[in-house]
Amino acid sequence: MIEILNPTLLARARETGALVADILDTLRSRCAAGTNLLDIDRWAKALIVEAGAVSCYVDYAPSFGRGPFGHYICTGVNDAVLHGRPYDYTLADGDLLTLDLAVSKDGVAADAAISFLVGDARDAESVALIETTERALAAGIAAARPGARVGDISHAIGTVLGEAGYAINTDFGGHGIGSTMHQDPHVPNAGRPGRGYTLRPGLLLALEPWVMADTAQLVTDADGWTLRSATGCRTAHSEHTIAITDDGAEILTLPRRAREL
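The numbering of the sequence shown is this note's numbering, which starts it at 57 and goes up by one.
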(Lines of atoms letter the chains of each structure in order from A; the text may use other names.)
(Lines give C-alpha, C1' and ligand atoms only; values in the text may rest on other atoms or scores of the structure.)
Protein backbone atom coordinates (compact mmCIF):
# COMPACT_ATOMS: atom_id res chain seq x y z
CA MET A 57 0.00 0.00 0.00
CA ILE A 58 1.23 3.48 -0.91
CA GLU A 59 -0.47 6.44 0.76
CA ILE A 60 -0.51 10.05 -0.41
CA LEU A 61 -1.27 12.38 2.49
CA ASN A 62 -3.58 15.36 2.18
CA PRO A 63 -2.64 18.71 3.82
CA THR A 64 -4.49 17.85 7.04
CA LEU A 65 -2.65 14.56 7.47
CA LEU A 66 0.65 16.16 6.46
CA ALA A 67 0.23 18.68 9.28
CA ARG A 68 -0.25 15.78 11.69
CA ALA A 69 2.83 14.09 10.24
CA ARG A 70 4.88 17.18 11.04
CA GLU A 71 3.78 16.98 14.67
CA THR A 72 4.52 13.27 14.92
CA GLY A 73 7.90 13.73 13.25
CA ALA A 74 8.87 16.50 15.65
CA LEU A 75 7.79 14.32 18.57
CA VAL A 76 9.97 11.42 17.41
CA ALA A 77 12.93 13.75 16.96
CA ASP A 78 12.43 15.41 20.35
CA ILE A 79 12.24 12.05 22.13
CA LEU A 80 15.43 10.86 20.44
CA ASP A 81 17.11 14.15 21.35
CA THR A 82 16.08 13.75 24.99
CA LEU A 83 17.19 10.13 25.14
CA ARG A 84 20.55 10.96 23.61
CA SER A 85 21.14 13.62 26.26
CA ARG A 86 20.45 11.05 29.00
CA CYS A 87 22.68 8.30 27.62
CA ALA A 88 26.07 8.00 29.32
CA ALA A 89 28.47 5.36 30.51
CA GLY A 90 26.50 3.43 33.16
CA THR A 91 23.10 3.80 31.44
CA ASN A 92 21.23 0.52 31.02
CA LEU A 93 19.41 -0.23 27.76
CA LEU A 94 16.30 -1.15 29.73
CA ASP A 95 16.34 2.32 31.29
CA ILE A 96 16.35 3.84 27.80
CA ASP A 97 13.33 1.71 26.93
CA ARG A 98 11.50 2.85 30.07
CA TRP A 99 12.31 6.49 29.35
CA ALA A 100 11.04 6.10 25.78
CA LYS A 101 7.78 4.59 27.03
CA ALA A 102 7.23 7.44 29.49
CA LEU A 103 7.89 10.12 26.87
CA ILE A 104 5.61 8.47 24.31
CA VAL A 105 2.75 8.01 26.78
CA GLU A 106 3.15 11.56 28.13
CA ALA A 107 2.77 12.91 24.58
CA GLY A 108 -0.43 10.94 23.99
CA ALA A 109 1.25 8.90 21.26
CA VAL A 110 1.48 5.17 20.60
CA SER A 111 4.57 3.03 20.08
CA CYS A 112 4.83 1.37 16.66
CA TYR A 113 7.05 -1.35 18.15
CA VAL A 114 5.41 -2.93 21.19
CA ASP A 115 2.93 -5.07 19.25
CA TYR A 116 4.96 -5.16 16.03
CA ALA A 117 5.16 -8.77 14.78
CA PRO A 118 6.33 -9.00 11.13
CA SER A 119 7.28 -12.24 9.45
CA PHE A 120 11.01 -11.68 9.97
CA GLY A 121 10.74 -11.22 13.78
CA ARG A 122 9.95 -13.67 16.55
CA GLY A 123 6.61 -12.66 18.05
CA PRO A 124 5.78 -9.11 19.14
CA PHE A 125 8.83 -6.86 19.61
CA GLY A 126 7.61 -5.99 23.10
CA HIS A 127 9.65 -2.80 23.64
CA TYR A 128 9.28 0.90 22.87
CA ILE A 129 12.57 1.61 21.10
CA CYS A 130 15.31 -0.23 19.23
CA THR A 131 18.71 -0.03 20.94
CA GLY A 132 21.71 -1.29 18.97
CA VAL A 133 25.18 -1.36 20.55
CA ASN A 134 28.40 -1.62 18.50
CA ASP A 135 27.81 -4.58 16.16
CA ALA A 136 23.98 -4.45 16.46
CA VAL A 137 22.66 -2.34 13.60
CA LEU A 138 18.92 -3.06 13.16
CA HIS A 139 15.96 -4.06 15.33
CA GLY A 140 18.06 -4.03 18.50
CA ARG A 141 15.89 -5.39 21.28
CA PRO A 142 16.66 -3.68 24.63
CA TYR A 143 18.15 -6.01 27.23
CA ASP A 144 20.08 -5.84 30.49
CA TYR A 145 23.27 -4.20 29.22
CA THR A 146 25.09 -1.24 30.77
CA LEU A 147 26.68 1.18 28.33
CA ALA A 148 30.42 1.77 28.52
CA ASP A 149 32.48 4.78 27.48
CA GLY A 150 33.11 4.53 23.74
CA ASP A 151 30.17 2.28 22.88
CA LEU A 152 28.54 3.08 19.55
CA LEU A 153 24.82 3.31 20.26
CA THR A 154 21.97 3.40 17.73
CA LEU A 155 18.50 4.48 18.81
CA ASP A 156 15.66 3.81 16.36
CA LEU A 157 12.19 5.10 17.24
CA ALA A 158 8.80 5.02 15.52
CA VAL A 159 5.58 6.34 17.02
CA SER A 160 2.09 7.13 15.82
CA LYS A 161 -0.03 10.07 16.90
CA ASP A 162 -3.40 11.19 15.57
CA GLY A 163 -3.29 8.41 13.00
CA VAL A 164 0.09 9.24 11.42
CA ALA A 165 3.45 7.55 12.09
CA ALA A 166 7.02 8.83 11.90
CA ASP A 167 10.32 6.96 12.15
CA ALA A 168 13.91 8.09 12.78
CA ALA A 169 17.24 6.73 13.97
CA ILE A 170 20.49 8.20 15.28
CA SER A 171 23.89 6.67 15.97
CA PHE A 172 26.39 8.24 18.35
CA LEU A 173 29.32 7.47 20.63
CA VAL A 174 28.69 7.20 24.35
CA GLY A 175 30.87 9.25 26.68
CA ASP A 176 34.13 10.96 25.74
CA ALA A 177 35.97 8.20 23.88
CA ARG A 178 36.29 8.62 20.12
CA ASP A 179 37.73 6.25 17.54
CA ALA A 180 38.19 6.98 13.87
CA GLU A 181 36.34 3.92 12.58
CA SER A 182 33.18 4.68 14.55
CA VAL A 183 33.21 8.36 13.62
CA ALA A 184 33.61 7.44 9.95
CA LEU A 185 30.71 4.98 10.09
CA ILE A 186 28.37 7.53 11.67
CA GLU A 187 29.40 10.41 9.41
CA THR A 188 29.05 8.28 6.27
CA THR A 189 25.48 7.25 7.09
CA GLU A 190 24.61 10.88 7.81
CA ARG A 191 26.10 12.03 4.50
CA ALA A 192 24.29 9.24 2.65
CA LEU A 193 21.03 10.25 4.28
CA ALA A 194 21.56 13.88 3.22
CA ALA A 195 22.27 12.73 -0.34
CA GLY A 196 19.11 10.62 -0.42
CA ILE A 197 17.01 13.51 0.83
CA ALA A 198 18.53 15.83 -1.78
CA ALA A 199 17.51 13.37 -4.51
CA ALA A 200 13.90 13.19 -3.31
CA ARG A 201 11.63 15.49 -5.30
CA PRO A 202 8.40 15.26 -7.31
CA GLY A 203 8.93 13.35 -10.52
CA ALA A 204 12.08 11.62 -9.29
CA ARG A 205 12.03 7.87 -8.77
CA VAL A 206 12.85 5.65 -5.82
CA GLY A 207 15.91 4.46 -7.71
CA ASP A 208 17.26 8.01 -7.74
CA ILE A 209 17.20 8.07 -3.94
CA SER A 210 18.73 4.60 -3.69
CA HIS A 211 21.48 5.54 -6.15
CA ALA A 212 22.34 8.70 -4.22
CA ILE A 213 22.55 6.82 -0.92
CA GLY A 214 24.48 3.92 -2.39
CA THR A 215 26.99 6.20 -4.12
CA VAL A 216 27.99 7.77 -0.80
CA LEU A 217 28.19 4.43 1.02
CA GLY A 218 30.10 2.74 -1.80
CA GLU A 219 32.58 5.57 -2.32
CA ALA A 220 33.35 5.39 1.40
CA GLY A 221 34.33 1.75 0.92
CA TYR A 222 31.43 0.01 2.62
CA ALA A 223 29.65 -3.07 1.34
CA ILE A 224 25.90 -2.47 1.04
CA ASN A 225 23.18 -4.83 2.25
CA THR A 226 19.87 -4.24 0.45
CA ASP A 227 17.73 -6.69 2.44
CA PHE A 228 16.61 -3.88 4.74
CA GLY A 229 16.30 -0.23 3.81
CA GLY A 230 13.96 2.71 3.70
CA HIS A 231 10.20 2.50 3.23
CA GLY A 232 6.97 4.33 2.80
CA ILE A 233 5.22 5.46 5.96
CA GLY A 234 1.87 7.01 6.84
CA SER A 235 -1.02 5.55 8.80
CA THR A 236 1.26 2.56 9.48
CA MET A 237 5.00 2.36 10.10
CA HIS A 238 6.03 0.18 7.15
CA GLN A 239 4.49 0.66 3.71
CA ASP A 240 5.50 0.50 0.08
CA PRO A 241 7.61 1.58 -1.64
CA HIS A 242 10.76 -0.17 -0.42
CA VAL A 243 13.79 2.14 -0.73
CA PRO A 244 16.99 0.06 -0.92
CA ASN A 245 20.29 1.66 0.07
CA ALA A 246 21.66 1.05 -3.44
CA GLY A 247 19.95 1.10 -6.81
CA ARG A 248 19.79 2.34 -10.36
CA PRO A 249 18.62 5.89 -11.12
CA GLY A 250 15.47 6.35 -13.14
CA ARG A 251 13.89 3.14 -11.85
CA GLY A 252 11.02 2.44 -9.49
CA TYR A 253 8.02 4.33 -8.15
CA THR A 254 7.64 7.97 -9.20
CA LEU A 255 7.59 10.33 -6.22
CA ARG A 256 4.52 12.53 -5.70
CA PRO A 257 3.73 15.40 -3.30
CA GLY A 258 2.16 14.02 -0.13
CA LEU A 259 4.25 10.83 -0.11
CA LEU A 260 6.07 10.10 3.14
CA LEU A 261 9.30 8.10 3.12
CA ALA A 262 11.55 6.90 5.91
CA LEU A 263 15.08 6.87 4.49
CA GLU A 264 17.63 4.89 6.49
CA PRO A 265 21.20 4.32 5.33
CA TRP A 266 23.07 1.82 7.51
CA VAL A 267 26.46 0.20 7.18
CA MET A 268 28.79 -2.31 8.80
CA ALA A 269 32.53 -1.68 8.88
CA ASP A 270 33.78 -4.75 7.03
CA THR A 271 30.86 -6.91 5.87
CA ALA A 272 27.42 -6.87 4.25
CA GLN A 273 26.30 -10.01 6.07
CA LEU A 274 23.88 -9.98 9.01
CA VAL A 275 23.27 -12.52 11.74
CA THR A 276 20.23 -12.68 14.02
CA ASP A 277 20.45 -12.87 17.82
CA ALA A 278 18.75 -15.59 19.81
CA ASP A 279 16.07 -13.00 20.67
CA GLY A 280 14.82 -13.41 17.10
CA TRP A 281 15.05 -9.67 16.45
CA THR A 282 18.46 -8.04 16.85
CA LEU A 283 20.48 -7.98 13.63
CA ARG A 284 24.27 -7.83 14.01
CA SER A 285 27.24 -7.73 11.70
CA ALA A 286 28.37 -11.27 10.88
CA THR A 287 31.99 -10.42 11.75
CA GLY A 288 31.31 -8.54 14.99
CA CYS A 289 32.44 -5.25 13.45
CA ARG A 290 30.89 -1.92 14.40
CA THR A 291 27.85 -0.50 12.64
CA ALA A 292 25.89 2.73 12.25
CA HIS A 293 22.39 3.75 11.15
CA SER A 294 20.85 7.15 10.38
CA GLU A 295 17.20 7.76 9.48
CA HIS A 296 14.74 10.57 8.82
CA THR A 297 11.10 10.62 7.79
CA ILE A 298 10.60 13.03 4.90
CA ALA A 299 7.58 14.35 3.02
CA ILE A 300 7.70 14.91 -0.73
CA THR A 301 6.49 18.45 -1.41
CA ASP A 302 5.95 20.54 -4.53
CA ASP A 303 9.49 21.91 -4.10
CA GLY A 304 11.46 18.85 -2.98
CA ALA A 305 11.61 17.09 0.37
CA GLU A 306 10.76 18.29 3.87
CA ILE A 307 12.50 16.60 6.80
CA LEU A 308 9.81 15.88 9.39
CA THR A 309 12.00 14.31 12.09
CA LEU A 310 14.06 17.32 13.13
CA PRO A 311 14.05 18.27 16.84
CA ARG A 312 12.09 21.43 17.56
CA ARG A 313 15.26 23.11 18.84
CA ALA A 314 16.89 22.55 15.43
CA ARG A 315 13.85 23.96 13.62
CA GLU A 316 14.15 27.16 15.63
CA LEU A 317 17.77 27.86 14.62
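Idealized CB from N, CA, C, for every residue including glycine.
Quantities reported herein were computed from a predicted structural model and do not represent experimental measurements.
How many whole angstroms separate the CB atoms of residue i and residue j, which I take to be in contact at a CB cut-off of 8 Å?
i      : j      : result
Leu274 : Ala262 : With 8 Å as the limit, Leu274 and Ala262 do not qualify as a contact, their Cβ atoms being about 19 Å apart.
Gly252 : Pro241 : 7 Å
Leu308 : Arg68  : Rounded, the Cβ-Cβ distance is 10 Å, inconsistent with contact.
So, for residue i: in the same chain, excluding its five sequence neighbours on each side, which residues have a beta-carbon less than 6 Å away from its beta-carbon?
i      : result
Asp156 : Cys130 and Ala169
Val318 : Shown here, the chain extends from 57 to 317; a query on residue 318 therefore has no answer.
Ala212 : Ala195, Gly196 and Ala199
Val110 : Ser160
Trp281 : Gly121, His139 and Arg141
Arg201 : Gly304
Residues in the same chain with beta-carbon distance under 7 Å from residue i, minus the five sequence neighbours each way, listed in chain order, please.
i      : result
Leu83  : Ile96, Trp99, Ala100 and Leu155
Asp78  : Pro311 and Arg312
Leu93  : Thr131, Pro142, Tyr143 and Tyr145
Gln239 : Met57, Ile58, Glu59, His231, Gly232 and Ile233
Thr226 : Pro244, Asn245 and Ala246
Ile224 : Gly214, Leu217, Gly218, Asn245, Ala246 and Ala272
Gly108 : Lys161
Glu306 : Ile298 and Ala299
Met268 : Val137, Ser285, Cys289 and Thr291
Thr301 : Pro257
In this structure, what does DSSP give as the bridge partners for residue i?
i      : result
Gly132 : Thr154
Lys161 : Val164
Met268 : Thr291
Arg284 : Ala136 and Val275
Ile170 : Leu155
Asn92  : Thr146
Glu306 : Ala299
Ser111 : Val159
Spatial neighbours of residue i within its chain, please: C-beta separation below 8 Å, excluding the five flanking residues on both sides.
i      : result
Leu152 : Val133, Asn134, Ser171, Phe172, Leu173, Val174, Ser182, Leu185, Ile186, Arg290, Thr291 and Ala292
Val114 : Pro124, Phe125, Gly126, His127 and Tyr128
Gly90  : Thr146 and Leu147
Gly163 : Leu65, Arg68 and Ser235
Of all Cβ atoms in chain C, is any one closer than 8 Å to the Cβ of residue i?
i      : result
Ala109 : Protein chains in the displayed structure number just one, and chain C is not present.
Is the region 167-186 touching the region 207-219 in the sense that three or more CB pairs, one from each, lie closer than 8 Å? Contact fails: fewer than three Cβ-Cβ distances are below 8 Å.
Count Cβ pairs between the region 250-268 and the region 219-236 that sit closer than 8 Å; are there 3 or more? The region 250-268 is in contact with the region 219-236.
On the three-pair Cβ rule with 8 Å, is the region 236-250 touching the region 207-226? A contact exists between the region 236-250 and the region 207-226.
Are there three or more Cβ pairs, one per stretch, closer than 8 Å when the region 116-124 is compared with the region 59-70? Too few Cβ pairs lie closer than 8 Å, so no.
Quick check on the DSSP output: what are the complete alpha helix (DSSP H) runs of length 4 or more inside the region 203-229, in order along the chain? Segments of the alpha helix (DSSP H) lying fully in the region 203-229: 206-219.
Ignoring anything shorter than 4 residues or poking outside the region 226-265, list the alpha helix (DSSP H) runs there in chain order. Annotation note: the region 226-265 contains no uninterrupted alpha helix (DSSP H) run of length 4 or greater.
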